[in-house]
Amino acid sequence: MLEVEKIHTYYGMSHILFGVSLNVSKGEIVCLLGRNGAGKSTTMRSIMGLTPPRQGKISYKGNNIAGKKPYQLAKLGIGYVPDDRRVFADLTVKDNLKISERKINGKNSWNIETVFEFFPALKKIDFRKAGFLSGGEQQMLTIARALMTNPELLLLDEPTEGLAPMIIKILEKQIGSLRDKGFTVLLAEQNLTVSLNLSNRGYIIDNGVIRYHGSVEDLKDNEEIRRKYLLV
Ligand SMILES: Nc1ncnc2c1ncn2[C@@H]1O[C@H](COP(=O)(O)OP(=O)(O)O)[C@@H](O)[C@H]1O
Ligand SMILES: [Mg+2]
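Laid out in structure tokens, this is it:
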């Protein structure tokens with residue numbers, strides 16, 4: 196479904212990604228693991244057209260999407276949950292969701308009712324201004340907002356970062372339920388435990404280079420790689 200081939204991405208003069216390749220098939224949750232500053236968010240931003248790569252190829256459902264704008268990619272069915280959990284602070288929870296609604300061929304399997312079933316905690320605070328939410332509530336809201344666009348591929352950038360264990364459990368469970376529904380997700384994470392619970396295949400990125408590709412089970416047993424690229 197998604198194929199990233201040897202991309203090179205820069206911020207101005209800084210060369211950040213060095214020939215990153217990865218792929219995600221339909222129905223898979225694939226994780227992109229790596230320490231802080233390894234290049235996870237830059238990879239997500241490269242795919243989403245926010246920081247387009249200067250070299251390499253990205254294809255989505257067989258079409259080359261390099262150079263497309265973020266809104267065009269959203270229209271093509273790519274949902275993106277950025278690492279900064281940006282919400283419209285002055286809008287209520289409900290309005291944040293409503294303005295993201297996108298129907299495909301008149302169908303919207305994800306709508307206000309279904310996202311509130313998905314995150315009941317949001318329903319209880321639907322009238323509250325998003326600027327007043329806790330970190331966990333904001334994360335639920337950004338995920339719910341991405342779901343409202345009825346994406347076929349979801350890019351999730353460190354959804355559990357900095358959140359309390361109880362919230363992490365809820366998010367893990369709900370992301371897991373997406374997998375069970377056959378959703379396709381690329382998940383950036385630092386947390387191997389979360390990744391292990393959610394995905395079976397993963398990549399490790401370090402200093403802008405993919406260093407490992409394989410099953411997360413193998414990673415769990417491979418202390419050398421874990422120590423080299425994951426533990427701080
Ligand atoms: N806007 C930016 N301008 C310049 N350098 C950046 C910018 N954003 C990130 N970087 C640098 O790019 C590298 C990769 O960052 P990032 O992709 O955010 O890593 P991760 O998401 O894995 O923590 C880091 O060295 C970081 O300092
Ligand atoms: Mg990041």
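Oh and the sequence shown: position 69 is 264 in the numbering used here, straight run, nothing missing. Even for Gly, the Cβ is constructed at its ideal location relative to N, Cα and C.
Quiz item: Would you say Glu-189 touches ligand 2, meaning its beta carbon is less than 7 Å from a heavy atom?
Solution: Summary: the structure shown does not reach residue 189, with the chain confined to residues 196 through 427, and so no result is reported for it.
Quiz item: Opposite Leu-228 in the DSSP bridges: which residues?
Solution: Residue pairing by DSSP places Leu-228 opposite Glu-384 and Ile-399 in a beta bridge.
Quiz item: Should Ser-236 go down as buried or exposed, given a rule of 16 or more other Cβ atoms within 10 Å for buried?
Solution: Burial of Ser-236 is indicated by the presence of at least 16 other C-beta atoms within 10 angstroms of its C-beta.
Exercise. Whole angstroms is fine: what's the gap from Thr-309's alpha carbon to Glu-419's?
Key: C-alpha of Thr-309 to C-alpha of Glu-419: approximately 43 Å in a straight line.
Quiz item: Residue ranges of each alpha helix (DSSP H) run of no fewer than 4 residues wholly in the stretch 285-321, ordered along the chain?
Solution: Taking only runs of at least 4 residues, the alpha helix (DSSP H) segments lying wholly in the stretch 285-321 are 288-293, 307-313 and 315-319.
Exercise. Please classify Ser-464: does DSSP put it in a helix, a strand, or coil?
Key: There is simply no residue 464 to check, as the chain begins at 196 and stops at 427 in what is shown.
Practice problem: Grab me the residues of Lys-264's own chain with a C-beta within less than 8 Å of its C-beta, minus the 5 sequence neighbours each way, in chain order. | Solution: Counting only Cβ-Cβ distances below 8 Å, and skipping sequence neighbours, we find Gly-244.
Quiz item: Tell me which same chain residues have a C-beta within less than 7 Å of the C-beta of Tyr-205, skipping the five on either side of it?
Solution: Excluding sequence neighbours, Tyr-205 sits near Ile-211 and Arg-249.
Quiz prompt | Distance cut-off 7 Å: Gly-214 Cβ against heavy atoms of ligand 3 | solution = This structure lacks ligand 3; its bound ligands are ligand 1 and ligand 2.
Exercise. With hydrogens ignored, establish whether the beta-carbon of Gly-232 is closer than 7 Å to any heavy atom of ligand 1.
Key: Relative to ligand 1, Gly-232 has its C-beta within less than 7 Å of a heavy atom.
Quiz item: Any heavy atom of ligand 1 closer than 7 Å to the Cβ of Tyr-424?
Solution: Closer than 7 Å to some heavy atom of ligand 1: that does not describe the Cβ of Tyr-424.
Quiz prompt | Cβ pair count under 8 Å reaching 3, the stretch 322-329 against the stretch 271-283 | solution = Flag = yes, the stretch 322-329 and the stretch 271-283 touch.
Exercise. Have a look at the DSSP bridge pairing and note the partners of Tyr-205.
Key: Its beta-bridge partners are His-210.
Practice problem: Name the two residues that bound the continuous alpha helix (DSSP H) containing Gly-371. | Solution: Bounds of the alpha helix (DSSP H) holding Gly-371 are 360-375.
Practice problem: Could you give the DSSP three-state label for Ile-420: helix, strand or coil? | Solution: DSSP places Ile-420 in the helix class (H, G or I) of the three-state scheme.
Exercise. Kindly examine ligand 2 and report whether one of its heavy atoms sits closer than 7 Å to the Cβ of Glu-353.
Key: True, at least one ligand heavy atom lies under 7 Å from that Cβ.
Practice problem: Confirm the yes/no value for this check: CB of Ser-209, any heavy atom of ligand 2, distance under 7 Å. | Solution: Not so, every heavy atom of ligand 2 lies at least 7 Å from the Cβ.
Self-check item: Inter-residue spacing [alpha-carbon to alpha-carbon] between Ile-253 and Met-239
Solution: Rounded to whole angstroms, Ile-253 to Met-239 spans 12 Å at the Cα level.
Quiz item: Which two residues bound the contiguous beta strand (DSSP E) that contains Ile-253?
Solution: That run of the beta strand (DSSP E) goes 250-255.
Exercise. Give me the Cβ distance between Leu-348 and Leu-197, rounded to the nearest whole Å; I'm assuming they're in contact under 8 Å.
Key: Yes, they are in contact, since the Cβ atoms of Leu-348 and Leu-197 sit about 6 Å apart, within 8 Å.
Exercise. Measure the beta-carbon distance from Leu-381 to Val-411 and round it to whole angstroms, keeping in mind my assumption that it falls under 8 Å.
Key: The pair is not a contact, with the Cβ atoms about 14 Å apart (cut-off 8 Å).
Self-check item: Rounded C-alpha distance that separates Gly-409 from Val-219
Solution: Taking the straight line from one Cα to the other gives about 12 Å.
Quiz item: So is the beta-carbon of Lys-206 under 7 Å away from any non-hydrogen atom of ligand 1?
Solution: One point to set straight first is that residue 206 is Tyr, not Lys, in the sequence displayed. Yes, Cβ of Tyr-206 sits closer than 7 Å to a heavy atom of ligand 1.
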